[in-house]
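2 protein chains.
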Amino acid sequence: MKRGRKPTIDAADITRAAIAVADAEGLAAVSMARVAQEMGNATMALYRHVKSKDELLALMADAAFDEPPLLPDGDWRDKLGVWAREMLGGIRRRPWFLQIPMSGPPTGLKSLAWFDSALSALEGTPLEAGEKVGVVMGLMTFVHGEAWLGVALQQGFEDDPAQFSRQYGQRLREIVDPRRMPALAKIVAAGVFDVDDLFEEQDVAADFDFGLHLFLEGVATHIGGRA
Amino acid sequence: MKRGRKPTIDAADITRAAIAVADAEGLAAVSMARVAQEMGNATMALYRHVKSKDELLALMADAAFDEPPLLPDGDWRDKLGVWAREMLGGIRRRPWFLQIPMSGPPTGLKSLAWFDSALSALEGTPLEAGEKVGVVMGLMTFVHGEAWLGVALQQGFEDDPAQFSRQYGQRLREIVDPRRMPALAKIVAAGVFDVDDLFEEQDVAADFDFGLHLFLEGVATHIGGRA
DNA sequence: CCTTTTATGCGTACCTCATACGCAAAACCT
DNA sequence: AGGTTTTGCGTATGAGGTACGCATAAAAGG
Numbered sequence: 021m022k023r024g025r026k027p028t029i030d031a032a033d034i035t036r037a038a039i040a041v042a043d044a045e046g047l048a049a050v051s052m053a054r055v056a057q058e059m060g061n062a063t064m065a066l067y068r069h070v071k072s073k074d075e076l077l078a079l080m081a082d083a084a085f086d087e088p089p090l091l092p093d094g095d096w097r098d099k100l101g102v103w104a105r106e107m108l109g110g111i112r113r114r115p116w117f118l119q120i121p122m123s124g125p126p127t128g129l130k131s132l133a134w135f136d137s138a139l140s141a142l143e144g145t146p147l148e149a150g151e152k153v154g155v156v157m158g159l160m161t162f163v164h165g166e167a168w169l170g171v172a173l174q175q176g177f178e179d180d181p182a183q184f185s186r187q188y189g190q191r192l193r194e195i196v197d198p199r200r201m202p203a204l205a206k207i208v209a210a211g212v213f214d215v216d217d218l219f220e221e222q223d224v225a226a227d228f229d230f231g232l233h234l235f236l237e238g239v240a241t242h243i244g245g246r247a
Numbered sequence: 021m022k023r024g025r026k027p028t029i030d031a032a033d034i035t036r037a038a039i040a041v042a043d044a045e046g047l048a049a050v051s052m053a054r055v056a057q058e059m060g061n062a063t064m065a066l067y068r069h070v071k072s073k074d075e076l077l078a079l080m081a082d083a084a085f086d087e088p089p090l091l092p093d094g095d096w097r098d099k100l101g102v103w104a105r106e107m108l109g110g111i112r113r114r115p116w117f118l119q120i121p122m123s124g125p126p127t128g129l130k131s132l133a134w135f136d137s138a139l140s141a142l143e144g145t146p147l148e149a150g151e152k153v154g155v156v157m158g159l160m161t162f163v164h165g166e167a168w169l170g171v172a173l174q175q176g177f178e179d180d181p182a183q184f185s186r187q188y189g190q191r192l193r194e195i196v197d198p199r200r201m202p203a204l205a206k207i208v209a210a211g212v213f214d215v216d217d218l219f220e221e222q223d224v225a226a227d228f229d230f231g232l233h234l235f236l237e238g239v240a241t242h243i244g245g246r247a
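Chains as they are written, first to last, in this note's numbering: chain F, 21 to 247; chain D, 21 to 247.
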C-alpha cells in the first residue's frame with residue numbers, strides 16, 4: 021500500500037477546474053487562487069499536483085480538445101479537410117487556447133492523438149515520412165493562424181459591435197498613404213476591409229476554406245509530381 | 021508655440037529601450053521598471069508616453085522588423101518566396117516577437133508596409149482583391165507558425181544541447197502506443213524525430229521551403245484555374 | 001494500540017509588477 | 001512676474017506566483 025495521506029484531488033481535477041474558469045471568464049481569470057477557490061481548496065494545495073502555473077497551462081492546452089474526429093471515407097483531401105475544420109471548431113469552442121504560450125513541441129496525449137489522426141489521413145499517399153510530417157505541421161500552423169485571426173476579429177467585434185466592422189477599413193484609409201503603399205491602398209479602396217459581415221460566420225468560414233483549399237491544392241500538386 | 025514642460029523622451033525612445041532589453045534578455049525581462057531604468061528615468065515617467073504595457077508591446081511588435089525587402093524582378097512566386105524568407109529572418113532575429121500576444125488586426129506602419137509589400141507581389145495576377153488578401157494572410161500565418169516551431173526547437177536545444185535532439189524522439193517512443201496511434205508510431209519508428217540535426221539551420225530551412233513550396237503551389241494552381 | 005514514516009493540505013510571507021493618484025518642476029503665455 | 005499647461009516621478013495599492021515550514025492524515029512496524 022502507499023503510505024501517507026491520501027490525495028483529495030489530482031492534476032486532472034485541477035485542470036478541469038481551470039478550464040471551467042477559462043471557459044466562463046477567459047484565460048486572464050485563471051489564477052492559482054481562483055482555481056483553488058473554485059475547487060474549495062487552498063491556493064497552495066494545488067502545488068502538490070502541479071509544479072507551476074506554466075505546467076497547468078500546458079495541461080489545459082492538452083485537455084482543451086476532444087478526441088480527434090472520425091475521418092470520413094474518401095481520399096486524403098476529404099479527410100484532411102474534415103480534420104482541419106474540426107480542429108478549427110475545437111479552437112473556436114475554447115478561444116483561450118490560442119493565448120496559452122506554448123514552449124516546445126507537444127507531448128500531451130491529446131495533441132499527439134490529433135497529430136496521429138492527421139497523419140493517418142496521408143497513409144495512402146506516396147509521401148515520405150518526413151514529408152507527411154511537414155504537411156501536417158503546415159496544416160496545423162495554418163489552422164492555428166486562421167483561427168487566431170477569426171477569434172481576434174470576433175473579440176474586437178464583441179467589444180464594440182456598432183463601430184468595429186467599418187472602423188478598421190476607415191482607420192486603414194487614414195493611415196495608408198497611397199504613395200508609400202500603393203498595393204495596400206488599392207485593396208483598401210476596393211473596400212475589402214469595409215464589409216460589415218467581415219466577421220460573420222459565413223465569411224470567416226469562406227476565408228478559411230479558401231486558404232485550406234490553397235494549401236491542399238499545393239499538397240496535391242506535390243503528390244502528383246511524384247505518383 | 022507649445023506650452024508646458026518639454027518632453028525629454030517619447031514613445032519611440034521607450035520602444036527602442038524596451039526592444040534592447042528584449043534582444044538582450046528576452047521578453048520576460050521587459051518590465052516597465054526595467055525599461056525605465058535602462059533609460060535613466062523613473063518607472064512612472066513612461067506612462068506619459070505609453071498608455072499601458074500592452075500598448076508598449078504593440079509598439080515593440082511593430083518596430084521589431086526592418087522595412088520590407090526590395091522584391092526581386094520575376095514572377096509573383098519569386099517575390100513571395102523572398103518576402104517569406106525575409107520575414108522568417110526578421111522573426112528569427114527577434115524571437116520575442118512571437119511571444120507578444122497580438123489582439124486585433126495590425127495597424128502599425130511597419131506591419132502595414134510588409135502587408136503592402138506582399139500584396140504588390142501579386143499585382144500582375146488575375147486574383148481578386150479579396151483573394152489577394154486571403155493569400156497574403158495565409159502566407160503570413162504560415163511563416164508565423166513555422167517560425168514559432170523553429171524558435172521553440174532551438175530554444176529547447178539551447179537549454180540542453182546534449183540531450184534535447186534525441187530526447188524528443190525518445191520521449192515520443194515511450195508515450196506513443198502503436199495500437200492507439202498507429203500512424204504516428206510508424207513515423208516515430210522511421211526516426212523522423214531522432215535526427216540530430218533536426219534543429220540545424222539547413223534542416224529547418226528545408227522544412228520551411230517545403231511548406232512554402234506547398235502553399236505557393238496551391239496559389240499557382242488556383243491562379244491557373246482562372247487565367 | 002501506539003509510534004514512526006511519509007505524503008498531503010495549506011497558512012504565512014515575500015517578491016515582482018502594473019498602475020492610479022497627486023504634487024512638484026519646467027516651459028510657455030500674457 | 002504670475003498664471004497655465006504639460007511633463008517627471010515618488011508613493012501606494014492590489015494582484016498574482018510561489019518558497020517554506022508546520023499541521024494533518026494514512027499506512028507500516030512494533
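Yeah, the Cβ is synthetic: ideal placement off N, Cα and C, and Gly gets one too. As the structure is a prediction and not an experimental result, all values here were calculated from the model.
What residues from chain F crowd round residue i, counting only those whose CB sits closer than 9 Å?
i, result
"D/K152", "A203, I207, V212"
What residue does the alpha helix (DSSP H) around residue i start on, and which one ends it?
i, result
"F/Q57", "52-59"
"D/K71", "Segment: none, D/K71 is in no alpha helix (DSSP H) and carries neither H nor E."
"F/G109", "96-113"
"F/K26", "No alpha helix (DSSP H) holds F/K26; DSSP gives it neither H nor E."
"F/W134", "129-141"
"F/D223", "221-244"
"D/L204", "202-209"
If you measure between the beta carbons of residue i and residue j, is that distance less than 9 Å?
i, j, result
"D/V249", "F/D82", "A query on residue 249 of chain D cannot be resolved here, the shown segment of chain D reaching from 21 to 247 and no further."
"F/I120", "F/L77", "yes"
"F/S131", "F/F85", "yes"
"D/V153", "D/G189", "no"
"D/A209", "F/L139", "no"
"F/Q175", "D/G124", "yes"
"F/L234", "D/V171", "no"
"D/E237", "F/G150", "no"
"D/H164", "F/G158", "no"
"F/E87", "F/A31", "no"
"D/A42", "D/V50", "yes"
"F/W116", "F/L47", "yes"
"D/A141", "D/L91", "yes"
"D/P89", "D/E106", "yes"
Whose CA, out of the options, lies closest to the CA of residue i?
i, options, result
"D/L66", "D/L234, D/E151, D/T28, D/A226", "D/T28"
"D/F230", "D/A141, D/G245, D/K73, D/G101", "D/G101"
"D/D95", "D/K26, D/R246, D/P198, D/T145", "D/T145"
"D/A225", "D/L142, D/A149, D/L236, D/A104", "D/A104"
"D/L108", "D/E221, D/G238, D/D33", "D/E221"
"D/Q57", "D/A167, D/D74, D/A38, D/L147", "D/A38"
"D/D223", "D/L169, D/A240, D/K22, D/G46", "D/L169"
"F/G244", "D/G245, D/R246, D/T241", "D/T241"
"D/M201", "F/L192, F/A167, F/E143", "F/E143"
"F/D74", "F/D214, F/R25, F/G60, F/T35", "F/T35"
"F/D33", "F/L232, F/R68, F/L192", "F/R68"
"D/L173", "F/A53, F/L232, F/M80, F/M122", "F/M122"
"D/E148", "F/K206, F/A53, F/K71", "F/K206"
Mind pulling the chain D residues with CB within less than 8 Å of residue i?
i, result
"F/S131", "The contacting residues do not exist; F/S131 stays about 10 Å from chain D at best."
Which bits of chain D does residue i rub up against, with CB to CB less than 7 Å?
i, result
"F/A149", "I207, A210, V212"
"F/F235", "L234, F235, G238"
"F/R105", "Simply none; closest approach about 16 Å."
"F/E143", "A203"
Check the Cβ of residue i against every Cβ in chain D and list those closer than 9 Å, keeping chain order.
i, result
"F/R157", "Inspection of the sequence shows that residue 157 of chain F is occupied by Met rather than by Arg. Within chain D, the residues near F/M157 are G165, E166, L169, D227, G231."
Cβ closer than 7 Å: which chain F residues qualify as neighbours of residue i?
i, result
"D/F135", "L204"
Output, in chain order, the set of chain F residues within a Cβ distance shorter than 8 Å of residue i.
i, result
"D/A172", "M122, S123, G124, P125"
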